[in-house]
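Report on the following structure.
There are 2 protein chains.
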Amino acid sequence: MDIQSSAQAAVPGGVDRAVLGAVSQGWGGLDPEQFRIYGKQVIDWIADYLANAERYPVLSPLNPGDVKRQLPAGPPQTPESMDAILADFDRVILPGITHWNHPGFFAYFAISGSAPGILGELLSAALNVNGMLWRTSPAATELEDVVMDWLRQMIGLSPVFEGVITDTASVSTLIAIAAAREALDRRVREDGLAGRADLPRLRLYCSEQAHSSVEKAGIVLGSGQAGVRKIPVDDEFRMRPDLLAAAVDEDRRVGWLPFCVVATVGTTSTTSIDPVPAIADLCGRERIWLHVDGAYGGMAAIVPEMRHVLDGCDRADSIVVNPHKWLFTPIDCSAFYTRHVDTLKRAFSLVPEYLRSADGDVKNYMDYGIQLGRRFRALKLWFVIRSYGVEGLAAHLREHCRVAREFAGWIDADPSFERLAPVPLSAVCFRYHPQGVDDEAELERLNSRLLDAVNATGRVFLSHTKLNGKYTVRLAIGNVGTMEKHVAQAWDVLKGLAVR
Amino acid sequence: MDIQSSAQAAVPGGVDRAVLGAVSQGWGGLDPEQFRIYGKQVIDWIADYLANAERYPVLSPLNPGDVKRQLPAGPPQTPESMDAILADFDRVILPGITHWNHPGFFAYFAISGSAPGILGELLSAALNVNGMLWRTSPAATELEDVVMDWLRQMIGLSPVFEGVITDTASVSTLIAIAAAREALDRRVREDGLAGRADLPRLRLYCSEQAHSSVEKAGIVLGSGQAGVRKIPVDDEFRMRPDLLAAAVDEDRRVGWLPFCVVATVGTTSTTSIDPVPAIADLCGRERIWLHVDGAYGGMAAIVPEMRHVLDGCDRADSIVVNPHKWLFTPIDCSAFYTRHVDTLKRAFSLVPEYLRSADGDVKNYMDYGIQLGRRFRALKLWFVIRSYGVEGLAAHLREHCRVAREFAGWIDADPSFERLAPVPLSAVCFRYHPQGVDDEAELERLNSRLLDAVNATGRVFLSHTKLNGKYTVRLAIGNVGTMEKHVAQAWDVLKGLAVR
Chain A
13 MDIQSSAQAA VPGGVDRAVL GAVSQGWGGL DPEQFRIYGK QVIDWIADYL ANAERYPVLS
73 PLNPGDVKRQ LPAGPPQTPE SMDAILADFD RVILPGITHW NHPGFFAYFA ISGSAPGILG
133 ELLSAALNVN GMLWRTSPAA TELEDVVMDW LRQMIGLSPV FEGVITDTAS VSTLIAIAAA
193 REALDRRVRE DGLAGRADLP RLRLYCSEQA HSSVEKAGIV LGSGQAGVRK IPVDDEFRMR
253 PDLLAAAVDE DRRVGWLPFC VVATVGTTST TSIDPVPAIA DLCGRERIWL HVDGAYGGMA
313 AIVPEMRHVL DGCDRADSIV VNPHKWLFTP IDCSAFYTRH VDTLKRAFSL VPEYLRSADG
373 DVKNYMDYGI QLGRRFRALK LWFVIRSYGV EGLAAHLREH CRVAREFAGW IDADPSFERL
433 APVPLSAVCF RYHPQGVDDE AELERLNSRL LDAVNATGRV FLSHTKLNGK YTVRLAIGNV
493 GTMEKHVAQA WDVLKGLAVR
Chain B
13 MDIQSSAQAA VPGGVDRAVL GAVSQGWGGL DPEQFRIYGK QVIDWIADYL ANAERYPVLS
73 PLNPGDVKRQ LPAGPPQTPE SMDAILADFD RVILPGITHW NHPGFFAYFA ISGSAPGILG
133 ELLSAALNVN GMLWRTSPAA TELEDVVMDW LRQMIGLSPV FEGVITDTAS VSTLIAIAAA
193 REALDRRVRE DGLAGRADLP RLRLYCSEQA HSSVEKAGIV LGSGQAGVRK IPVDDEFRMR
253 PDLLAAAVDE DRRVGWLPFC VVATVGTTST TSIDPVPAIA DLCGRERIWL HVDGAYGGMA
313 AIVPEMRHVL DGCDRADSIV VNPHKWLFTP IDCSAFYTRH VDTLKRAFSL VPEYLRSADG
373 DVKNYMDYGI QLGRRFRALK LWFVIRSYGV EGLAAHLREH CRVAREFAGW IDADPSFERL
433 APVPLSAVCF RYHPQGVDDE AELERLNSRL LDAVNATGRV FLSHTKLNGK YTVRLAIGNV
493 GTMEKHVAQA WDVLKGLAVR
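Taken in order, these protein sequences are the chains called A and B. Using the working numbering, read the first sequence as starting at 13 and increasing by one per residue. Using the working numbering, read the second sequence as starting at 13 and increasing by one per residue.
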């Protein structure tokens, strides 16, 4: 950080200030010295906040409309002071925040950022580059290239995979399936899907436990919900490859064109891991694109003794893992890998004249997906990997899984609770099941009430799912600050509030 | 900002530290006090950087591979210090940055962030909420609701429009076209496009000057490139509504189903404004969804005397304007509006059990688009609008347009230069055209060489396009720091380097 301070230099003089009114260019209602003061105040606030996230109720206790009614119905015509803005942040916004940073956040997948990631994001916001072309910031493209290769090595994926950062797994999965479609070489890019006698209906497969983004991708891509066939799972919630094979056979017989299978490593409800080796065998035999959704679970492969979670994935055609999910990188940052970059680019590259460049053989990441505008997301991921080191990251993931097994043990040992799924990673599915109550509707009522009561304490936040029709409470460990004591507290809260 | 500092409280004790190795939870290789120190150092760096962006070459002078070869081929196993990371940022990353903050950035659309927007983004990164559901942070949803309504008022759009923030205009346009498809009520969501005798091929229309994201959306959605019909433009690069009407007629006759027109307010090459009122007439008559791509140009409507740029848009079905493009909000932030939110939700809503909530009649923005994961983007936009005020923002946009007209006047007055398009907004299309040279290939060679020479100075960065086959240099004003003097400097550089 070697720029000398001469901040006053860029403050516009009297003439420009008169033209532009009360604001000064990029500073808005601030000036450079005020930016320093408020910026440091915000940094102090963040340091305190991160150190004390437990002081807040994890789930916001507000009611619908509580935030909105405190905000003016229209925008201010003239500049407001940063004092006023930050005061409103404290007074109006903060009470309406559900604190994903709280170590008692156990809902959904408990994503969390980290201090190094925040600094990386801050610098990205300041540089504000759009990494659409190599030339629009060579460092954005090349750092993305490098850091994606680092992450590839960290999860033990073959060097034949090349990566690109997208915003979310929803988009990564969408571009994977679009690439799978392009790999058919059936002129879908050129001629589309409709009104073609030469093109059978396309079928995409995933398990019943796959993430909703797979079905949504099918809808977007014009395959429709009917074009997404959900394969039943075994008693550990893993896709059944025998039923997948039967489905593909049956579909081919009646005229569907199977083109893509999405296997999941770490499903949303139970973190089950589909049998990727067997699925890869089938996909290889049937010449079907295999995409692996490892958005959450794939990260576990960073832990050496857990590398097996990605067994078979080297034979996949594409895979997604999300640094913003379980690698302490601020949202959003999704890592998409494919061994068929040319196919991906064939699916997406469109270079109008105004984006042509003569930079030679360089990567222009705009060719790799839907969005032309691309934030410099590699920077925060670089900060995170360097500041933690691979061992530091692995230590957190290992600890999360260990604590999840501890919690599962407590559930198993308590006759009033029942575990409803295996615990291959860091989430536990269970329910309150007092002896003598066997009516499913009653159990749902008890557990739904328990979940509401637990979340209303503000000390923990858990979510639910349904497994084989059973209302299921989930405790998902992924917050970077979560330690065994927080999980023990959750267990105390659950036991204390579980009543018939 | 009222949290008391007790930062040490959350530093894990000896046992946890031993378990987790050399890193401490959310702090990575830092501790809370170090985060304060480095955070403030970064804030100081940003203040200096923004005040002195002109000191850097605007277009990075590096060659392909220059950044990559300075980075280790693999990730560090153990934590690295923030000193080392920030030093590498300075030494390796910064030279590879093309400075979008430089007031001499005139390429593409010259987007820029601003100091208040950076502070908003910093707080978003710290809170790290995923605003997928109302309950996952009520304030994220309600502030988005409010600030999108503020922006709607600012551009003078009817209150029948409801907004949602997406990442980019590429995605906003994609969801608009998906909603248009859903509005057909032809079961595309359920049954898809392929293999259906009951469904004609779908046709989407835009002008020859429309952004590439329209065609890309057609590809993604399965309409194919053939399903995107590009309508010729008039001599001011505006879509010809008579030819649009003829195309729709012709298509209907031969069995296409016209379902969407994308009109552009501020095309990428020339910032031309399609005649939306006439196009809206046609779309109303033909019952075709009208989407307006005002990603750049729509923002001009914030200037009271320029509100006419959105004439007719109140009759559109959807519209996108991008705060990250010409409203000084750090990338990414795209504002999508539609009068048919129910249709949008019908196109996209999928609520698996694990995302169900009993919060009643609340907005869950995950239902409004492709991505489940959603950053808290409203916060930075709120900071920007409040810190500038509507008048401050309007003053910048007005000044950009005024300076563009100045520059156009200089071009017009110089017999060696030729203007190639009208200047309705803040970009100027022109070429060097010395007297006596009329061979197009020669003119392209001269101008391409001129562009390279100009960009190699590091003082300005311009891009090019082609208009009617003519190689065209573009000067686009949109950087928040750009004043007349910077444009005058660009003109000096251009004149000085224009040689036969």
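Each residue gets a CB set at the ideal place from its N, CA and C atoms; glycine is no exception.
- The beta carbon of A307 of chain A sits closer than 6 Å to the beta carbons of A181, V332, N334, K337 from its chain, once the five residues preceding and following it are set aside; these are given in chain order.
- Proximity to L98 of chain B across A:R471, A:S399, A:V505, A:D426 peaks at A:S399, based on C-alpha coordinates.
- In the structure shown, E403 of chain A falls within a helical segment according to DSSP collapsed to helix, strand and coil.
- Contacts with chain B (Cβ-Cβ distance below 7 Å) from the stretch 219-244 of chain A involve S224, S225, E227, K228, I231, V232, L233, G234, S235, G236, Q237, A238, G239, listed in chain order.
- Contacts with chain A at 8 Å (Cβ-Cβ) do not include S330 of chain B.
- G309 of chain B places its beta carbon less than 8 Å from that of I285 of chain B.
- Taking a beta-carbon distance threshold of 8 Å, D354 of chain A does not count as an interface residue toward chain B.
- By the Cβ rule, the stretch 259-270 of chain B does not count as touching the stretch 454-466 of chain B, because fewer than three pairs are nearer than 8 Å.
- Rounded to whole angstroms, the separation of the alpha carbons of K478 of chain A and S281 of chain A is 8 Å.
- The C-alpha of A122 of chain B is placed about 14 Å away from the C-alpha of L367 of chain A.
- With three or more CB-CB distances shorter than 8 Å, the stretch 382-397 of chain A counts as touching the stretch 135-149 of chain A.
- Judged by DSSP in its simplified three-state form, F118 of chain A adopts coil rather than helix or strand.
- The closest CA to that of M251 of chain A, considering only A:Y217, A:G234, A:S225, A:T153, is found on A:Y217.
- For a Cβ distance threshold of 8 Å, residue set I382, Q383, L384, G385 of chain A lies close to S182 of chain B, ordered along the chain.
- Not a single CB atom of chain A sits nearer than 8 Å to the CB of S284 of chain B.
- In the DSSP assignment, Y61 of chain A falls within the alpha helix (DSSP H) that extends over 44-63.
- Interface residue (Cβ-Cβ distance to chain A less than 8 Å): L458 of chain B is not classified as such.
- Closest option to G470 of chain A, judged by alpha-carbon separation, among A:L83, A:L506, A:R443, A:H320: A:L506.
- Annotation: R443 of chain A to L458 of chain A spans about 9 Å, alpha carbon to alpha carbon.
- F360 of chain A and Y380 of chain A do touch by the CB rule: their CB atoms are close to 6 Å apart, below 8 Å.
- Contact between V54 of chain A and L83 of chain A is ruled out by a C-beta separation of about 20 Å, above the 8 Å threshold.
- Secondary structure note for V511 of chain A: it is in no beta strand (DSSP E), with a DSSP letter that is neither H nor E.
- Across the structure, A453 of chain B and K357 of chain A are spaced so that their CA atoms are roughly 30 Å apart.
- P150 of chain A sits buried, since 16 or more C-beta atoms from the chains shown fall within 10 Å of its C-beta.
- Close partners of W338 of chain B in chain A (Cβ separation under 7 Å) are lacking, with about 13 Å as the shortest Cβ gap.
- Buried is the label assigned to T350 of chain A, since at least 16 other Cβ atoms lie within 10 Å of its Cβ.
- Closest option to A328 of chain A, judged by alpha-carbon separation, among A:D43, A:R319, A:H352, A:P436: A:H352.
- Using a Cβ-Cβ cut-off of 8 Å, I105 of chain A counts as an interface residue toward chain B, since at least one Cβ of chain B sits closer than that to its own.
- Remark: C-beta atoms of V449 of chain A and F419 of chain A do not approach each other more closely than 8 Å.
- Burial is judged here by how many other beta carbons sit within 10 angstroms of a residue's own beta carbon; Q89 of chain B has fewer than 16 and is exposed.
- C-alpha of S36 of chain A to C-alpha of D60 of chain A: approximately 31 Å in a straight line.
- A direct Cα-Cα distance of roughly 19 Å separates F473 of chain B from F340 of chain B.
- In this structure, the beta-carbon distance from W112 of chain B to V374 of chain B does not fall below 8 Å.
- Within the model, the alpha-carbon separation for P69 of chain A versus A63 of chain A is close to 15 Å.
- Counting other Cβ atoms within 10 Å of its Cβ, V304 of chain B reaches 16 or more and is therefore classed as buried.
- Note that the C-beta distance between F249 of chain A and N491 of chain A is not below 8 Å.
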